[in-house]
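Under the UniProt record's numbering, the letters of the sequence shown match residues 1 to 307, in that order.
Step one of this worksheet: look at the structure below.
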Amino acid sequence: MNKKPLNNKKNIKTKIISVAAAVALWMYVIAVVDPEDRKVIEDIPITIKNTQQIEKEGYVIYPKDHMTTDITLEGKLSEIQKITKNSVSIYGEVINPVEGKNTVSLSSNISSHVSREIKESSFVVNLEKKITKKVPVKIEIPSNYKEKIHSANGEYKYVKVSGPRSLVDEVSYVSATINTDKLEKMSDKTQVVQEIYLLAFTKNKKPVSVDIEIKKMDVEIKFAIEKEVEVVPNLGNWDITRDSLSISPEKVTIIGDNETLKNIEEISTNRLNEEDFSNASSKKVKLVIPDDIKIKGDIEEVQISKK
1 MNKKPLNNKK NIKTKIISVA AAVALWMYVI AVVDPEDRKV IEDIPITIKN
51 TQQIEKEGYV IYPKDHMTTD ITLEGKLSEI QKITKNSVSI YGEVINPVEG
101 KNTVSLSSNI SSHVSREIKE SSFVVNLEKK ITKKVPVKIE IPSNYKEKIH
151 SANGEYKYVK VSGPRSLVDE VSYVSATINT DKLEKMSDKT QVVQEIYLLA
201 FTKNKKPVSV DIEIKKMDVE IKFAIEKEVE VVPNLGNWDI TRDSLSISPE
251 KVTIIGDNET LKNIEEISTN RLNEEDFSNA SSKKVKLVIP DDIKIKGDIE
301 EVQISKK
């Protein structure tokens, strides 16, 4: 009996079983080891790719809040696991920008190995006209330091701010607030220069997020120095000696910066005449206060009497 045909049949059967087993194993691997998966990634920032072109045409995106969307991914688990929120980019371009609402078609950087669906296929971007205006710079001295600082002068009196029309219109001034913590470390000096960042504010002192032409500036700060000086009456042509008059107070404390105070040794009064005392032996007389000087206690006049 010829056994060869029987062996051939057995070989064919074995091959069929092997192929079937391989297919079954492959299907098992696909279904169990690397199954289909679905993933939703939320709040992905939307990038507008042609912002430079938009700005060249005189517009800016405003507001920029809530420029996010979600994306749904479907595919093999091994592919889905590779994708994180940080690796996903959703973007679009504003075609023919106009002031107001502009509809942007959205795309993503997800590979073709994964099915993806952006929550909204398009997104509305609002554009405003970009404007510029000049506003004053205010140097703010914290209340606990107002008496300690005589003067604070910055490099700039005015600066330009720019941004969306609705925001720039609200800007009333730009503020430079002195950092008093830094001043505490320099209390042994008579004056210092502090570099201060500028911030924009409304007239109601609310901050406004706009671009400021000058981001920071140097402010020269002169500390207030006190010095006691004598009050000297201006007698003019009146033939009377100083010793014949009584002055109250005889001395006052002047406040100013070191450079100014070192040149002042006395404070004079307005000119006196004999007629001023014709009907009275005592009179209040105004003090002549030099520029950039204050008198402690806000004293503006003294009482002068004939002895």
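Ideal placement from N, C-alpha and C gives every residue a C-beta, glycine not left out.
All of these numbers come straight from a predicted model, not from anything done at the bench.
Asked, Found
"Run of the alpha helix (DSSP H) containing residue 52, from where it starts to where it stops", "51-56"
"Buried/exposed call for residue 59, threshold 16 Cβ in 10 Å", "buried"
"Opposing strand residues paired with residue 126 [DSSP bridges]", "101"
"Bridge partner(s) assigned by DSSP for residue 287", "269"
"First through last residue of the alpha helix (DSSP H) which encompasses residue 168", "165-168"
"Length of the line joining the Cα atoms of residue 92 and residue 57", "18 Å"
"Residue 210 beta carbon less than 8 Å from that of residue 176", "no"
"Segment contact flag, the segment 155-165 with the segment 211-227, C-beta cutoff 8 Å, min 3 pairs", "yes"
"Contact set for residue 126: own chain, Cβ-Cβ below 8 Å, skip 5 residues either direction", "61, 62, 63, 100, 101 and 102"
"Residues of its chain near residue 172, where Cβ-Cβ distance is below 6 Å and the 5 sequence neighbours each way are ignored", "202 and 203"
"DSSP-derived helix/strand/coil call for residue 16", "helix"
"Inter-residue CB distance, residue 70 and residue 36 (contact presumed, cutoff 8 Å)", "That pair is no contact at about 20 Å."
"Close beta carbons around residue 150, own chain, < 6 Å, minus the five adjacent residues each side", "222, 224, 256 and 257"
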